[in-house]
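Visitor: Chains H and G, in that order, are what the protein sequence lines are. What the first sequence shows, in this note's numbering, is residues 2 to 379, in sequence order. What the second sequence shows, in this note's numbering, is residues 2 to 379, in sequence order. Pasting in a structure now, in structure tokens, and then I'll have a few things to ask.
Protein chains: 2
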Amino acid sequence: MRARSVGVVAPKSMRFAEPLRLTSGASIADYTLVYETYGELNAARSNAVLICHALNASHHVAGVYADDPKKVGWWDNMVGPGKPVDTNRFFVVGVNNLGSCFGSTGPMSPDPATGKPYGARFPVVTVEDWVDAQARLADRLGIDCWAAVMGGSLGGMQALSWSVRYPQRLRHCVAIATTPKLSAQNIAFNDVARTAIQSDPDFHGGDYYAHGVVPRRGLRVARMLGHITYLSGEDMAVKFGRELRNGDYAFGYGVEFEVESYLRYQGDKFSEYFDANTYLLITRALDYFDPAKDYGGDLTAALAPARAGFLLVSFTTDWRFPPARSREIVAALIDNRRDVTYAEIDAPHGHDAFLLDDARYHRLVAAYFDNIAAEVTR
Amino acid sequence: MRARSVGVVAPKSMRFAEPLRLTSGASIADYTLVYETYGELNAARSNAVLICHALNASHHVAGVYADDPKKVGWWDNMVGPGKPVDTNRFFVVGVNNLGSCFGSTGPMSPDPATGKPYGARFPVVTVEDWVDAQARLADRLGIDCWAAVMGGSLGGMQALSWSVRYPQRLRHCVAIATTPKLSAQNIAFNDVARTAIQSDPDFHGGDYYAHGVVPRRGLRVARMLGHITYLSGEDMAVKFGRELRNGDYAFGYGVEFEVESYLRYQGDKFSEYFDANTYLLITRALDYFDPAKDYGGDLTAALAPARAGFLLVSFTTDWRFPPARSREIVAALIDNRRDVTYAEIDAPHGHDAFLLDDARYHRLVAAYFDNIAAEVTR
Numbered sequence: 002m003r004a005r006s007v008g009v010v011a012p013k014s015m016r017f018a019e020p021l022r023l024t025s026g027a028s029i030a031d032y033t034l035v036y037e038t039y040g041e042l043n044a045a046r047s048n049a050v051l052i053c054h055a056l057n058a059s060h061h062v063a064g065v066y067a068d069d070p071k072k073v074g075w076w077d078n079m080v081g082p083g084k085p086v087d088t089n090r091f092f093v094v095g096v097n098n099l100g101s102c103f104g105s106t107g108p109m110s111p112d113p114a115t116g117k118p119y120g121a122r123f124p125v126v127t128v129e130d131w132v133d134a135q136a137r138l139a140d141r142l143g144i145d146c147w148a149a150v151m152g153g154s155l156g157g158m159q160a161l162s163w164s165v166r167y168p169q170r171l172r173h174c175v176a177i178a179t180t181p182k183l184s185a186q187n188i189a190f191n192d193v194a195r196t197a198i199q200s201d202p203d204f205h206g207g208d209y210y211a212h213g214v215v216p217r218r219g220l221r222v223a224r225m226l227g228h229i230t231y232l233s234g235e236d237m238a239v240k241f242g243r244e245l246r247n248g249d250y251a252f253g254y255g256v257e258f259e260v261e262s263y264l265r266y267q268g269d270k271f272s273e274y275f276d277a278n279t280y281l282l283i284t285r286a287l288d289y290f291d292p293a294k295d296y297g298g299d300l301t302a303a304l305a306p307a308r309a310g311f312l313l314v315s316f317t318t319d320w321r322f323p324p325a326r327s328r329e330i331v332a333a334l335i336d337n338r339r340d341v342t343y344a345e346i347d348a349p350h351g352h353d354a355f356l357l358d359d360a361r362y363h364r365l366v367a368a369y370f371d372n373i374a375a376e377v378t379r
Numbered sequence: 002m003r004a005r006s007v008g009v010v011a012p013k014s015m016r017f018a019e020p021l022r023l024t025s026g027a028s029i030a031d032y033t034l035v036y037e038t039y040g041e042l043n044a045a046r047s048n049a050v051l052i053c054h055a056l057n058a059s060h061h062v063a064g065v066y067a068d069d070p071k072k073v074g075w076w077d078n079m080v081g082p083g084k085p086v087d088t089n090r091f092f093v094v095g096v097n098n099l100g101s102c103f104g105s106t107g108p109m110s111p112d113p114a115t116g117k118p119y120g121a122r123f124p125v126v127t128v129e130d131w132v133d134a135q136a137r138l139a140d141r142l143g144i145d146c147w148a149a150v151m152g153g154s155l156g157g158m159q160a161l162s163w164s165v166r167y168p169q170r171l172r173h174c175v176a177i178a179t180t181p182k183l184s185a186q187n188i189a190f191n192d193v194a195r196t197a198i199q200s201d202p203d204f205h206g207g208d209y210y211a212h213g214v215v216p217r218r219g220l221r222v223a224r225m226l227g228h229i230t231y232l233s234g235e236d237m238a239v240k241f242g243r244e245l246r247n248g249d250y251a252f253g254y255g256v257e258f259e260v261e262s263y264l265r266y267q268g269d270k271f272s273e274y275f276d277a278n279t280y281l282l283i284t285r286a287l288d289y290f291d292p293a294k295d296y297g298g299d300l301t302a303a304l305a306p307a308r309a310g311f312l313l314v315s316f317t318t319d320w321r322f323p324p325a326r327s328r329e330i331v332a333a334l335i336d337n338r339r340d341v342t343y344a345e346i347d348a349p350h351g352h353d354a355f356l357l358d359d360a361r362y363h364r365l366v367a368a369y370f371d372n373i374a375a376e377v378t379r
């Protein structure tokens with residue numbers, strides 16, 4: 002596995018002085034995007050692949066850091082030499098989105114107007130805004146047209162948005178475990194998570210930085226809840242079942258079941274590194290994503306501008322964005338006579354399956370990218 | 002509808018001075034149970050039906066209160082003259098469980114040892130403990146054998162527990178939308194709810210009464226989350242979809258979608274009347290319920306003592322306790338050569354369907370109780 006890693010990588014950053022006009026009507030001026038690249042951009046600049054991240058991930062898609070060799074990129078099983086997105090053939094770009102908390106400008110960053118962290122004053126951004134910001138990064142990297150834009154979950158929404166917002170700037174759109182819009186239940190889960198954060202007394206209306214605190218309890222609950230929706234019930238049954246930590250009931254309200262221990266651990270870990278305002282911002286971007294909204298709900302009309310070839314993948318046990326949601330996208334693309342490859346992978350791991358190393362899934366993505374590579378060298 | 006109501010009812014209470022030994026090994030002394038009755042106990046004392054409540058309900062199963070005619074019982078559509086559980090023929094008893102917060106002894110009650118509310122010192126109780134307490138109430142009411150013990154969800158667990166704990170004391174067990182034990186996912190949702198409550202600074206380790214506060218924010222999050230699991234995704238899609246309260250996105254983190262408004266309203270309402278310690282206690286009783294645990298997981302062995310006839314009902318869109326869970330119970334009862342009627346009702350309303358007035362569901366329950374009534378008058 003190590004042999005197929007991109008190895009030691011280092012993040013770069015790019016400052017943008019031109020203001021970015023946002024969907025909300027607000028603008029953001031003088032922002033920075035942090036990104037990483039793997040592989041070499043070819044002379045024709047035709048082999049670039051953009052990887053878009055989901056809720057809690059970042060620009061660190063593959064490889065490790067020299068000073069932290071355990072911090073492996075979040076999609077390292079997908080991107081690297083000889084991997085499905087093969088860095089021997091592709092120049093891969095990972096970028097941390099605007100409003101996130103891993104180096105790109107976000108709520109934790111100083112507001113140039115005040116010199117203090119933006120906090121609650123950081124503007125709400127949308128999937129479309131992220132795509133616009135990514136397009137500017139592409140401009141600066143000299144990439145007129147991506148060989149592919151690719152992402153899972155919220156990352157898949159960005160890939161879809163690229164296909165209609167900049168149809169001439171990507172040859173392929175790879176959207177995995179995604180949906181054309183959140184369901185009421187999806188929004189409801191996001192709202193419970195946001196309510197947990199907002200009602201933590203340490204939230205201070207989003208300006209907790211000034212108080213030297215972090216709404217850790219709210220973030221913890223938000224993450225525990227999120228985690229349940231990323232796993233399938235079947236997977237949880239296999240992994241944890243009703244296993245007890247200490248053999249028998251303790252008749253109390255502490256951690257007794259293994260699944261409780263796991264969730265609390267995940268919640269604690271997350272609350273140590275993730276920014277609460279970013280959690281609000283990204284879940285809201287998820288809620289808002291709905292390309293058909295301006296077309297009276299007609300997804301076919303919304304996707305009509307697309308020119309790319311498409312790969313869509315869903316997972317049978319994903320109850321967050323189930324296969325039926327991917328099929329809506331496939332149907333709309335077929336209505337538009339687009340080239341679409343669609344696969345429903347029989348996998349037990351729920352929504353998280355898109356991040357896991359499943360042989361059938363990876364073979365499929367590898368085959369799709371092999372075809373793209375053939376175009377590149379043609 | 003009003004014509005078929007049991008009309009104005011009044012709760013009664015019964016004090017028990019003999020200590021009740023609990024599953025945990027602890028005891029509770031000198032407790033009170035609040036209950037209601039509807040209809041008349043016949044001379045043979047053979048027409049009594051016990052209704053067991055789920056998480057947030059109470060002894061107030063049917064009818065209204067003289068001083069609050071809007072406070073209709075939680076299963077008023079099921080219990081009343083001419084209704085499926087017909088109070089013209091049955092003497093129906095609703096009882097508030099030990100540890101709940103509607104009048105029976107619970108965490109809010111004064112601990113006789115200190116004169117102050119029990120709070121965190123109220124013992125953990127189990128489904129089996131509730132059934133034992135209900136059996137004592139039956140003794141005092143002169144009911145040797147129930148015509149039926151009936152409940153939905155957690156109430157169904159109590160009915161099942163009656164069937165094996167006191168097999169000679171019920172002729173029928175009616176268990177609706179229930180499960181033989183919680184799944185890892187079920188426990189996980191309970192744990193997130195408990196964590197939200199426990200991490201509210203107003204919780205004070207369960208002794209918030211002494212501080213004159215209530216962990217309202219935590220309770221609110223717990224209830225919002227619970228609510229999502231009671232509804233089906235389909236039902237939420239139909240009821241709320243992506244409807245906005247004010248026509249378009251506001252680009253903020255307040256309530257925008259109708260589903261958010263609904264959930265927050267439900268959460269607020271709940272946090273006004275429900276006790277946080279009771280929430281912990283009842284969700285823990287849910288977690289612990291597992292009659293097969295002492296039989297190496299063998300549900301057939303666990304249910305072997307049962308002598309009652311059984312009606313089990315599940316609902317197709319219930320993803321909390323899906324039909325497959327009821328079928329496990331049915332299979333174990335058939336292994337034991339019990340009389341079992343089982344129906345899977347095609348209903349869109351998820352877990353909550355057991356509380357709703359669905360014609361096919363109610364006809365089925367009515368027909369089952371008609372047969373019981375025929376036994377009674379035989």
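Ideal placement from N, C-alpha and C gives every residue a C-beta, glycine not left out.
Which residues share a DSSP beta bridge with threonine 33(H)?
Guide: In DSSP, threonine 33(H) forms a bridge with Arg16(H).
Visitor: Is the CB of methionine 2(H) under 8 Å away from at least one CB in chain G?
Guide: Summary for methionine 2(H): the model assigns pLDDT 43, below 50, so the residue's position carries little reliability; its value from the coordinates is reported in the next sentence. No, methionine 2(H) lies away from the interface with chain G (no Cβ there is under 8 Å from its Cβ).
Visitor: Below 8 Å on C-beta distance, what does glutamine 1(H) contact in chain G?
Guide: Absent from the model: residue 1(H). The displayed extent of chain H is 2 to 379, so no value can be given.
Visitor: Give me the chain G residues within the contact set of phenylalanine 241(H), using Cβ-Cβ distance strictly less than 7 Å, ordered along the chain.
Guide: Correct list: Ala185.
Visitor: Quick one: is arginine 195(H) near chain G, going by C-beta distance under 8 Å?
Guide: So yes, arginine 195(H) belongs to the interface.
Visitor: Would you mind telling me which residues of chain G sit closer than 8 Å to valine 222(H), beta carbon to beta carbon, in chain order?
Guide: The contacting residues are Val193, Thr196, Ala197, Ser200, Val222.
Visitor: In whole angstroms, what is the alpha-carbon distance linking alanine 189(H) and isoleucine 229(G)?
Guide: Those two C-alpha atoms are separated by around 7 Å.
Visitor: Say yes only if the C-beta of phenylalanine 322(H) is nearer than 7 Å to one or more non-hydrogen atoms of the ligand FMN, and no if none qualify.
Guide: Of the ligands one can find in the structure shown there are none, so the ligand FMN has no counterpart to examine.
Visitor: Could you work out which residue in Thr127(H), Ala136(H), Arg170(H), Trp131(H) is closest to tryptophan 147(H) when comparing CA atoms only?
Guide: Answer by Cα proximity: Arg170(H).
Visitor: Can you tell me which of the three DSSP states phenylalanine 91(G) falls into?
Guide: It is coil, neither helix nor strand.
Visitor: What number of angstroms, rounded off, separates the C-alpha of valine 10(H) from the C-alpha of alanine 160(H)?
Guide: Distance between the alpha carbons of valine 10(H) and alanine 160(H): 24 Å.
Visitor: Enumerated in chain order, which unbroken segments of the beta strand (DSSP E) with a length of 3 residues or greater are wholly contained in the stretch 165 to 226 of chain G?
Guide: 173 to 177, all fully within the stretch 165 to 226 of chain G.
Visitor: Is the separation between the beta-carbon of methionine 158(G) and that of aspartate 276(G) shorter than 8 Å?
Guide: Their beta carbons are not under 8 Å apart, which means methionine 158(G) does not touch aspartate 276(G) by this criterion.
Visitor: Should the stretch 134 to 147 of chain G be regarded as contacting the stretch 170 to 185 of chain G, the criterion being three or more beta carbon pairs within less than 8 Å?
Guide: Enough Cβ pairs lie closer than 8 Å, so yes.
Visitor: Alpha carbon to alpha carbon, what distance is there between phenylalanine 355(H) and glycine 152(G)?
Guide: Rounded to the nearest angstrom, the two C-alpha atoms are 41 Å apart.
Visitor: Closer than 8 Å, CB to CB, is methionine 237(G) near chain H or not?
Guide: Judged by the 8 Å Cβ criterion, methionine 237(G) is in contact with chain H.
Visitor: What residue range is occupied by the uninterrupted alpha helix (DSSP H) comprising alanine 380(H)?
Guide: As displayed, chain H neither begins before 2 nor continues past 379, which places residue 380(H) out of reach and without an answer.
Visitor: So, using beta-carbon positions, are glycine 268(G) and arginine 224(G) closer together than 8 Å?
Guide: Contact: yes.
Visitor: Could you check where the alpha helix (DSSP H) with glycine 268(G) kicks off and where it finishes?
Guide: That run of the alpha helix (DSSP H) goes 259 to 274.
Visitor: At what residues does the alpha helix (DSSP H) containing valine 50(H) begin and finish?
Guide: Note, valine 50(H): premise wrong, no alpha helix (DSSP H); beta strand (DSSP E) at 49 to 53.
Visitor: How many angstroms separate the CA atom of methionine 2(G) from the CA atom of lysine 72(G)?
Guide: For methionine 2(G), the predicted model reports a pLDDT of 43, less than 50, meaning its position is unreliable; a value from the coordinates is still stated below. One C-alpha to the other measures close to 15 Å.
Visitor: On the premise that phenylalanine 290(H) lies in contact with leucine 220(H), defined as a C-beta separation below 8 Å, what is that separation, rounded to the nearest angstrom?
Guide: Going by Cβ atoms, the distance from leucine 220(H) to phenylalanine 290(H) rounds to 22 Å, so no, they are not a contact pair.
Visitor: Can you list, in chain order, the residues of its chain with a C-beta nearer than 7 Å to that of valine 126(G)? Leave out the 5 residues immediately preceding and following it.
Guide: For valine 126(G), where only same-chain residues beyond five positions count, the Cβ hits under 7 Å are Leu23, Leu99, Gly100, Leu282, Ala286.
Visitor: Could you compute how far the alpha carbon of valine 96(G) sits from the alpha carbon of threonine 38(G)?
Guide: Their backbone Cα atoms lie some 9 Å apart in a straight line.
Visitor: Can you give me the C-alpha to C-alpha distance between phenylalanine 393(G) and serine 233(G), rounded to a whole angstrom?
Guide: Limits of chain G in this structure are 2 at one end and 379 at the other, which puts residue 393(G) out of reach.
Visitor: Below 7 Å between beta carbons is the criterion; list the residues of the stretch 304 to 324 of chain G that meet it against any residue of chain H, in chain order.
Guide: Those residues of the stretch 304 to 324 of chain G that come within reach of chain H (Cβ to Cβ, closer than 7 Å) do not exist; the list is empty.
Visitor: Give the interface partners of aspartate 291(H) over in chain G, defined as CB-CB distance under 8 Å, in chain order.
Guide: The contacting residues are Arg243.
Visitor: Compare the C-alpha of alanine 325(H) against each of Thr180(H), Asn372(H), Gly81(H) and name the closest.
Guide: The candidate whose alpha carbon is nearest that of alanine 325(H) is Thr180(H).
Visitor: Three-state secondary structure (DSSP) at alanine 437(H)?
Guide: Because chain H in this structure spans residues 2 to 379, residue 437(H) falls outside the shown range and cannot be described.
Visitor: Would you mind telling me which residues of chain H sit closer than 8 Å to glutamate 261(G), beta carbon to beta carbon, in chain order?
Guide: Those are Ile188, Ala189, Asp192, listed as they occur along chain H.
Visitor: Please go through the same chain and pick out, in chain order, the residues whose beta-carbon is closer than 7 Å to the beta-carbon of glutamate 41(H), but skip the five residues on each side of it.
Guide: Excluding sequence neighbours, glutamate 41(H) sits near Phe92.
Visitor: Do you know how far the Cα of glycine 120(H) is from the Cα of leucine 138(H)?
Guide: Near 25 Å, if we compare the C-alpha coordinates of glycine 120(H) and leucine 138(H).
Visitor: Nearest to aspartate 249(H) by alpha carbon, out of Ala344(G), Gly297(G), Arg217(G)?
Guide: The shortest C-alpha separation from aspartate 249(H) is found at Gly297(G).
Visitor: Please report how far the alpha carbon of tyrosine 362(G) lies from the alpha carbon of methionine 79(G), in whole angstroms.
Guide: Roughly 10 Å separates the two Cα atoms.
Visitor: State yes or no: is the beta carbon of valine 125(G) nearer than 8 Å to at least one beta carbon in chain H?
Guide: Yes, contact with chain H.
Visitor: Using only alpha-carbon positions, find the residue among Asn187(G), Leu245(G), Glu261(G) that is nearest to tyrosine 231(G).
Guide: Closest by alpha carbon: Asn187(G).
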